[in-house]
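To start, the structure under review is shown below, and the notes come after it.
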Amino acid sequence: MGGGKGRSVSPPVLAVISMIGFVYYSTVFVFIDGWLGLDTAPGLLNSVIFTWLAFMCLFSFFAAVLSDPGGVPPSFAPETEDPQKDGECLKYCDKCSTYKPPRTHHCRVCRRCVLKMDHHCVWISNCVGYANYKPFIICVFHAAITSIYSMVIFFAGIIEKYQDLERLSNKIFCVLCGSVISLLSLTLGSLLGWHIYLLTHNITTIEYRMAVRAMWLAKKSGQTYQHRYNIGIYNNLVSILGPNILKWLWPTAVGHLKDGTHFPTVEVNDQSPDQPVSCKEYHG
Numbered sequence: 002m003g004g005g006k007g008r009s010v011s012p013p014v015l016a017v018i019s020m021i022g023f024v025y026y027s028t029v030f031v032f033i034d035g036w037l038g039l040d041t042a043p044g045l046l047n048s049v050i051f052t053w054l055a056f057m058c059l060f061s062f063f064a065a066v067l068s069d070p071g072g073v074p075p076s077f078a079p080e081t082e083d084p085q086k087d088g089e090c091l092k093y094c095d096k097c098s099t100y101k102p103p104r105t106h107h108c109r110v111c112r113r114c115v116l117k118m119d120h121h122c123v124w125i126s127n128c129v130g131y132a133n134y135k136p137f138i139i140c141v142f143h144a145a146i147t148s149i150y151s152m153v154i155f156f157a158g159i160i161e162k163y164q165d166l167e168r169l170s171n172k173i174f175c176v177l178c179g180s181v182i183s184l185l186s187l188t189l190g191s192l193l194g195w196h197i198y199l200l201t202h203n204i205t206t207i208e209y210r211m212a213v214r215a216m217w218l219a220k221k222s223g224q225t226y227q228h229r230y231n232i233g234i235y236n237n238l239v240s241i242l243g244p245n246i247l248k249w250l251w252p253t254a255v256g257h258l259k260d261g262t263h264f265p266t267v268e269v270n271d272q273s274p275d276q277p278v279s280c281k282e283y284h285g
């Protein structure tokens, strides 16, 4: 959990917590209570389900914020003068003055190299990397489901209770809430879909951006680009979420993670177009 000191009080993190609180209060104590009533069985059931989803969203959010995304182990060093690992040239980081393991990148914001870095996320004031990608994607999953759930409840209540909205203040409140929740659902739903694609293909956001050029070059030369770390959908999921399916949605179940310097690969017949021939004098 190192590396998270001070992040929990940053403005973006407080903004996310405030938004979760706003959506939760509006959904349970305004939408559900006004539509079904909290004293009814359907209302109580929906409020319990929504409370659990909101709790998991907040729990996984804090896990992503407070978890160290993963730094290069002090003991890591190339074994030869022409360093290679997993068929990939090891890059040298001039800023950290050390070699970087495969899939590692230097974050300009955190000012250090991050293992299997996906991106730096301003909303968690932290990098998303090898050690905290699981809680991050679980947070995105629950946030998207919670927002969509809230939107469905909101519109269901509006359709049934529209004739009761006589006061202008009620109408303004409903328009504002509907706009915010709809925007959240669209944004978080799109983000979830994107990360499901990355998760099932075992590719990071940074690697995808680099692969776009490789895909174009491969197609231009009549070849098919193959991501070397894509070991199959199930194996990709297991490598990130863990071998126990019952713990896939528990953000702190990360005991399967190792040191983050080695990843299983598939054999790539042709050398990737963006891959240098020799590792000597290779910096980046």
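Under the working numbering, think of the first position of the sequence shown as 2, with each following residue one higher. C-beta: ideal position from N, C-alpha, C; glycine also.
With residue i and residue j assumed to form a contact (beta carbons below 8 Å), what rounded beta-carbon distance in angstroms separates them?
i, j, result
"PRO103", "VAL73", "About 11 Å separates the two Cβ atoms, so there is no contact after all."
"ILE154", "PHE32", "5 Å"
"THR188", "LEU199", "About 17 Å separates the two Cβ atoms, so there is no contact after all."
Are residue i and residue j touching if we call contact CB-CB under 8 Å?
i, j, result
"HIS228", "ALA212", "yes"
"ASN203", "ILE232", "yes"
"CYS97", "CYS114", "yes"
"VAL123", "PRO13", "yes"
"SER148", "VAL24", "yes"
"CYS108", "CYS128", "yes"
"TYR131", "PRO75", "no"
"LEU67", "GLY261", "no"
"ALA65", "ASN133", "yes"
"MET57", "HIS143", "yes"
"VAL141", "LEU193", "yes"
Measure the C-alpha to C-alpha separation of residue i and residue j and round it to an integer number of angstroms.
i, j, result
"LEU177", "THR28", "13 Å"
"SER222", "ARG214", "12 Å"
"PRO274", "TYR26", "Summary for PRO274: the model assigns pLDDT 41, below 50, so the residue's position carries little reliability; its value from the coordinates is reported in the next sentence. About 52 Å."
"VAL10", "LEU46", "34 Å"
"HIS196", "LYS172", "36 Å"
"GLY38", "SER48", "10 Å"
"MET152", "ASN237", "32 Å"
Give me the DSSP bridge partner(s) of residue i.
i, result
"ASN236", "DSSP lists no partner for ASN236."
"GLY72", "VAL115"
"THR188", "In the DSSP output, where bridge partners are listed per residue, THR188 has none listed."
"TYR100", "TYR93"
Answer yes or no: the CB of residue i versus the heavy atoms of the ligand ZN, is any distance below 7 Å?
i, result
"LEU39", "As for the ligand ZN, it is missing from this structure, which has no ligand bound."
What is the residue span of the alpha helix (DSSP H) that residue i lies within?
i, result
"CYS128", "Run containing CYS128: none in the alpha helix (DSSP H); it sits in the beta strand (DSSP E), 127-129."
"ARG210", "206-221"
"THR52", "42-67"
Can you name the start and end residues of the beta strand (DSSP E) that residue i belongs to?
i, result
"THR105", "First-last for THR105: undefined, no H or E at that position."
"HIS120", "120-122"
So, is the C-beta of residue i closer than 8 Å to a C-beta in chain D?
i, result
"ILE234", "No chain D appears in the structure shown, which is made up of a single protein chain."
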